[in-house]
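Trainee:
In my numbering, the protein residues as written are 411 to 596.
#1: Which residue wins for smallest C-alpha separation from residue 454, given the options 467, 435, 442, 441?
#2: State the Cα-Cα distance for the pair residue 551 and residue 480, rounded to the nearest angstrom.
#3: Buried or exposed: residue 475, going by 16 or more other Cβ atoms within 10 Å of its Cβ?
#4: Classify residue 414 as helix, strand or coil using the three-state DSSP reduction.
#5: Since residue 574 and residue 441 should fall inside the 8 Å C-beta cutoff, what is the C-beta to C-beta distance between them, to a whole number of angstroms?
#6: By a C-beta neighbour count over all protein chains shown, 10 Å radius and 16 as the cutoff for buried, is residue 487 buried or exposed?
#7: Checking 8 Å against the spacing of the C-beta atoms, do residue 584 and residue 524 come in under that value?
#8: Should the stretch 556 to 573 be called in touch with the stretch 499 to 509, which here means at least 3 C-beta pairs below 8 Å?
#9: Suppose you measure from the CA of residue 444 to the CA of residue 493; what does that come to, to the nearest Å?
#10: Jot down the residue ranges of each uninterrupted beta strand (DSSP E) in the stretch 422 to 482, minimum 3 residues, whole runs only, in chain order.
#11: Report the rounded CA-to-CA distance for residue 498 versus residue 528, giving the unit in angstroms.
#12: Could you give the uninterrupted runs of the beta strand (DSSP E) lying entirely in the stretch 526 to 595, keeping only those of 3 residues or more?
#13: Tell me where the alpha helix (DSSP H) around residue 507 begins and ends.
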């Protein structure tokens, strides 16, 4: 039995705007973020496109998430702030690198689109999706969760301040209610 193509369904919003990528991009620019390290991800597509199109922000595609931690440590040493965009399934790949970041006291801002929760169709995404926040916290990362698009800008702004002014590792977990969910249809 063949499956039809994946269709992305837009979730009903609780409040606010569904154009959260524009809100996040604006906040990143206002926070003087100059480098965006990213692993291509459907949930971050619009934000990644905005970063690539910008003439000030340097968008750095990665082959694996842990490369982003090193890229952003180098950016910080070179005087620039950056952010890592990834999906929750990639969090397991960065745990060892977070130890280096913590010991060197580099700030780290991560925006993590969540999988394995509300509306998930892929059972392979569930284990890491459910473990993401606990794994990050165990590595010393402060986590802020967003499930309402109206709250994403203020959450990213607060996370950026805590990371760059407070010298902390901070992750914003962007729930599937914000990103939307994929559904296999026949």
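Glycine is no exception: its CB is placed at the ideal position from the N, C-alpha and C atoms.
Mentor: In brief:
#1: That would be 435, whose Cα lies nearest to the Cα of residue 454.
#2: Using only the alpha carbons, I get a separation of about 16 Å.
#3: Buried is the label assigned to residue 475, since at least 16 other Cβ atoms lie within 10 Å of its Cβ.
#4: Summary for residue 414: the model assigns pLDDT 44, below 50, so the residue's position carries little reliability; its value from the coordinates is reported in the next sentence. DSSP places residue 414 outside both helix and strand once states are collapsed to three, so it counts as coil.
#5: By a beta-carbon distance limit of 8 Å, residue 574 contacts residue 441. Their separation comes to about 7 Å.
#6: Residue 487 counts as exposed, since fewer than 16 other C-beta atoms from the protein chains shown sit within 10 angstroms of its C-beta.
#7: Taking 8 Å as the Cβ cut-off, residue 584 and residue 524 qualify as a contacting pair.
#8: Cβ pair count under 8 Å is below three, so no.
#9: Residue 444 and residue 493 have their alpha carbons spaced roughly 8 Å apart.
#10: Runs of the beta strand (DSSP E) inside the stretch 422 to 482: 443 to 448, 468 to 471.
#11: Cα-Cα distance, rounded: 13 Å.
#12: Correct list: 552 to 556, 579 to 584, 591 to 594.
#13: It spans 505 to 514 - the alpha helix (DSSP H) in which residue 507 sits, taken as one unbroken run.
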